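Notes follow once the structure below has been shown.
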């Protein structure tokens with residue numbers, strides 16, 4: 116295989132955004148395993164930075180802002196490294212001097228539904244996202260849904276956008292739950308939601324369904340909704356919703372959890388409730404399916420594409436439909452068993468080896484369209 120010098124942003128390996136960090140570790144680690152001809156160079160990695168095996172650190176000039184990093188630090192480091200291709204793993208990329216470059220855009224909810232993304236909705240950030248997408252030689256995204264959304268948001272030709280589904284870590288497997296290791300407020304039985312608590316995650320609908328079941332169905336009287344993730348502003352409203360129903364114990368917000376605790380949460384859940392109104396992929400859904408957890412999800416955005424026939428899908432805002440779907444999983448062992456088997460079979464179709472192979476093909480295509488090295 117032809118040698119390839121691949122430059123990547125070292126900040127991704129320690130990003131506070133958990134999804135970006137996992138993507139970098141899994142993707143670049145898998146590329147290093149499957150193709151020894153690829154030299155992966157982490158631009159801006161300080162001495163002692165923890166990196167995957169076979170990823171080489173290379174220093175860069177420090178910059179106080181992301182814009183400064185992309186405008187000065189990365190272009191200078193890329194020029195010195197004589198790259199064949201540069202990959203930006205999440206939304207923003209160097210705006211000059213680094214070509215060919217491939218940009219990963221996981222979703223464009225901030226463009227398509229800005230009212231759900233206040234923290235990404237400032238003018239400079241959206242300009243930077245747009246300029247990065249328009250300046251990239253190729254874009255990688257996680258789903259066909261996101262590809263169409265990128266086309267609609269930016270007018271980028273479809274041929275420049277490659278769909279490469281993500282994968283879940285192999286550590287997510289079926290197994291027994293250790294109740295003593297669950298977060299202190301969590302008690303079984305519970306429906307689980309994993310992911311940051313955004314407005315677009317639509318958790319008020321899932322909570323309304325659980326509250327109705329606890330009130331009206333004795334078989335579900337002890338069921339709780341456990342939400343694991345960073346609160347992006349919806350936590351107080353969810354607590355108020357449970358309090359207004361005079362049932363505050365129906366809801367548990369754990370905050371972010373470490374991966375070992377997350378695996379245990381998945382294994383202890385009766386189901387994953389994923390009512391999100393907008394997703395570019397939905398990695399927690401795939402993690403749950405790898406653990407054999409039945410999934411009840413919203414019938415929109417990328418979720419149907421991800422789960423295939425392996426989940427119960429309902430309209431995102433239909434509380435009665437959510438109530439009935441959750442009740443089926445909780446009270447009907449045959450439904451739960453069938454979804455368990457379907458989840459495992461569907462999840463087996465995704466792997467980081469496949470993701471790395473397909474992404475690497477995009478890198479090589481981009482590199483092959485340019486003569487010489489990245490500037």
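In the working numbering, the protein residues as written are 116 to 490.
All C-beta atoms, glycine included, are put in the ideal place defined by N, C-alpha and C.
No experiment lies behind these values; they were computed from the predicted model shown.
Determine the contact status of residue 364 and residue 396, defining contact as a CB-CB distance below 8 Å.
-> no
Is there contact between the stretch 309–317 and the stretch 268–276, where contact requires at least three CB pairs shorter than 8 Å?
-> no
Grab the span of the alpha helix (DSSP H) containing residue 227 for me, first residue to last.
-> 224–227
Report yes or no: do three or more beta-carbon pairs, one from the stretch 312–329 and one from the stretch 289–302, lie closer than 8 Å?
-> no
Assuming residue 255 and residue 277 make a contact with CB atoms under 8 Å, what is their CB distance in whole Å?
-> 5 Å
Output the boundary residues of the beta strand (DSSP E) element that contains residue 172.
-> 170–173
Would you mind listing the beta strand (DSSP E) stretches within the stretch 418–469 that are 3+ residues and don't spill past its ends, in chain order?
-> 427–429
With a Cβ-Cβ cutoff of 8 Å, do residue 190 and residue 212 count as a contact?
-> yes
Those residues which DSSP pairs with residue 493 across a bridge = No statement about residue 493 is possible, as the shown extent of the chain runs from 116 to 490 and does not include it.
Spell out a yes or no on whether the stretch 197–206 and the stretch 159–175 are touching, meaning 3 or more CB-CB pairs, one atom from each, closer than 8 Å.
-> no
Grab the span of the alpha helix (DSSP H) containing residue 400 for me, first residue to last.
-> 398–405
Taking the DSSP output, what are the residues bridged to residue 253?
-> 217
What are the boundary residues of the alpha helix (DSSP H) that includes residue 144?
-> 133–149
Measure the alpha-carbon distance for residue 484 versus residue 323 and round it to whole angstroms.
-> 53 Å
Can you tell me which of the three DSSP states residue 275 falls into?
-> helix
What number of angstroms, rounded off, separates the C-alpha of residue 339 from the C-alpha of residue 239?
-> 41 Å
Can you grab the Cα-Cα spacing for the pair residue 129 / residue 137, in whole Å?
-> 9 Å
Could you give the DSSP three-state label for residue 346: helix, strand or coil?
-> strand
Relative to the C-alpha of residue 415, which residue among 210, 473, 260 is closest?
-> 260
Would residue 394 be called buried (16 or more neighbouring beta carbons within 10 Å of its own) or exposed?
-> buried
Report the rounded CA-to-CA distance for residue 125 versus residue 135, giving the unit in angstroms.
-> 12 Å
Integer-rounded CB distance, given that residue 244 should sit under 8 Å from residue 206 = 5 Å
Assuming residue 471 contacts residue 405 under a Cβ cut-off of 8 Å, what Cβ separation, rounded to an integer in Å, is found between them?
-> At roughly 17 Å, the Cβ-Cβ gap does not stay under 8 Å, so residue 471 and residue 405 are not in contact.
Can you tell me which of the three DSSP states residue 492 falls into?
-> This structure cannot settle anything about residue 492, because the visible part of the chain is limited to 116 through 490.
Which same chain residues, not among the five before or five after residue 227, have their C-beta less than 8 Å away from its C-beta?
-> 264, 267, 268, 393
Who are the Cβ neighbours of residue 175 in its own chain at under 6 Å, not counting the five residues just before and after it?
-> 158, 159, 188, 192
Coarse secondary structure for residue 473, derived from DSSP in three states | helix
Three-way DSSP call (helix, strand, coil) for residue 369 in this model | strand
Report the option in 442, 223, 142, 368 whose CA atom is closest to the CA atom of residue 127.
-> 142
Per DSSP, residue 124 forms a beta bridge with which residues?
-> 158
Can you grab the Cα-Cα spacing for the pair residue 204 / residue 218, in whole Å?
-> 6 Å
Cross-strand partners of residue 203 (DSSP beta bridge) | 218
In this structure, does DSSP put residue 489 in helix, strand or coil?
-> Reliability of the predicted coordinates at residue 489 is poor, the pLDDT of 39 falling under 50, and the value obtained from them is presented with this limitation in mind. Residue state, collapsed to three classes: coil.
Those residues which DSSP pairs with residue 388 across a bridge | 411
Cβ of residue 367 within 8 Å of Cβ of residue 408?
-> no
Residue from 133, 144, 131, 306 whose Cα sits closest to the Cα of residue 474 | 144
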